[in-house]
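Peer 1:
Okay, structure coming up:
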C-alpha cells in the first residue's frame, strides 16, 4: 500500500513538475536569415514557460565572428555563467542572465559595447599618464 502511495506521489511530481515556472523569451537563430526574428523578440509578452529542469535563469546570447553577428538566442537555463563576453580567436560570445518572467529582452550587445568603451577609456588614461610622467 505504501508503495502505491509513493508511486502516485511520484507520478504527480512528474506531471506537476513546476508550480511556478519561469517564463522566458525562447528562440535560436543560428543562420543570418533568422537573426532579426529572434532579436525582435524583445518584449516580455512573447515569453513562454521554461521546462522544470531549465527553470532558474532566462538568458540572451549573441555570437559574433570577426565582428559580424552570426548567431543569436534567447531561452531558459539551469545555471548562469554570468553576464559578459568570451572571445576565442575571431569568435566572441556575449551573454546576459536574469531571473524574472520575461526579463531576457536585451540584445546582449551592451556587454560588448561596454567592454570596448572600457578598453578605450583605459587606453586614454594610460596615454594621459604617459604624457604627464
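In mature numbering (1 follows the signal peptide of the UniProt record, and there is no 0), the protein residues as written are -21 to -1, 1 to 112. Every residue, glycine too, gets a C-beta built ideally from N, C-alpha and C.
#1: Using the DSSP secondary-structure output, state which residues sit across from residue 47 in a beta bridge.
#2: Would residue 1 be called buried (16 or more neighbouring beta carbons within 10 Å of its own) or exposed?
#3: Where DSSP assigns a beta bridge to residue 87, which residues make up the other side?
#4: Quick one: what does DSSP say residue 57 is sitting in, helix, strand or coil?
#5: State buried or exposed for residue 19, treating a residue as buried only when at least 16 other CB atoms are found within 10 Å of its CB.
#6: When DSSP builds the beta bridges, which residues end up paired with residue 2?
#7: Do residue 116 and residue 85 have their CB atoms nearer than 8 Å?
#8: Restricting to Cα atoms, I'd like to know which of 43, 45 and 52 is closest to residue 37.
#9: Between which two residues does the alpha helix (DSSP H) harbouring residue 169 extend?
#10: Assign residue 78 to buried or exposed, taking buried as 16 or more other Cβ atoms, counted over all protein chains shown, within 10 Å of its Cβ.
#11: Quick check on DSSP: helix, strand or coil for residue 17?
Peer 2: Short version:
#1: By one-based count along the chain shown, residue 47 stands at place 68. Answer by DSSP bridge pairing, in chain order: 44.
#2: Position 22 of the chain shown, counted from the start, is the residue given in the question as residue 1. Buried, because 16 or more other Cβ atoms sit within 10 Å of the Cβ of residue 1.
#3: Translated into positions along the chain shown, residue 87 becomes position 108. In the DSSP output, where bridge partners are listed per residue, residue 87 has none listed.
#4: Here the question's residue 57 lines up with position 78 in the chain shown. Reduced to three states, the DSSP call for residue 57 is coil.
#5: Sequence index remark: in the chain shown, residue 19 carries index 40 (1-based). By the neighbour-count rule (16 or more Cβ atoms within 10 Å), residue 19 is not buried but exposed.
#6: To locate residue 2, count along the chain shown from 1; it is residue 23. Looking at the DSSP assignment, residue 2 forms a beta bridge with 28.
#7: The shown model of the chain, from -21 to 112, leaves out residue 116, and the question about it has no answer.
#8: Against the chain shown, residue 37 aligns to sequence position 58. Checking every option, the nearest Cα to that of residue 37 belongs to 52.
#9: Because the chain in this structure spans residues -21 to 112, residue 169 falls outside the shown range and cannot be described.
#10: Numbered from 1 along the chain shown, position 99 holds the residue referred to as residue 78. Exposed.
#11: Here residue 17 refers to the residue found at position 38 of the chain shown. Here residue 17 sits in helix by DSSP.
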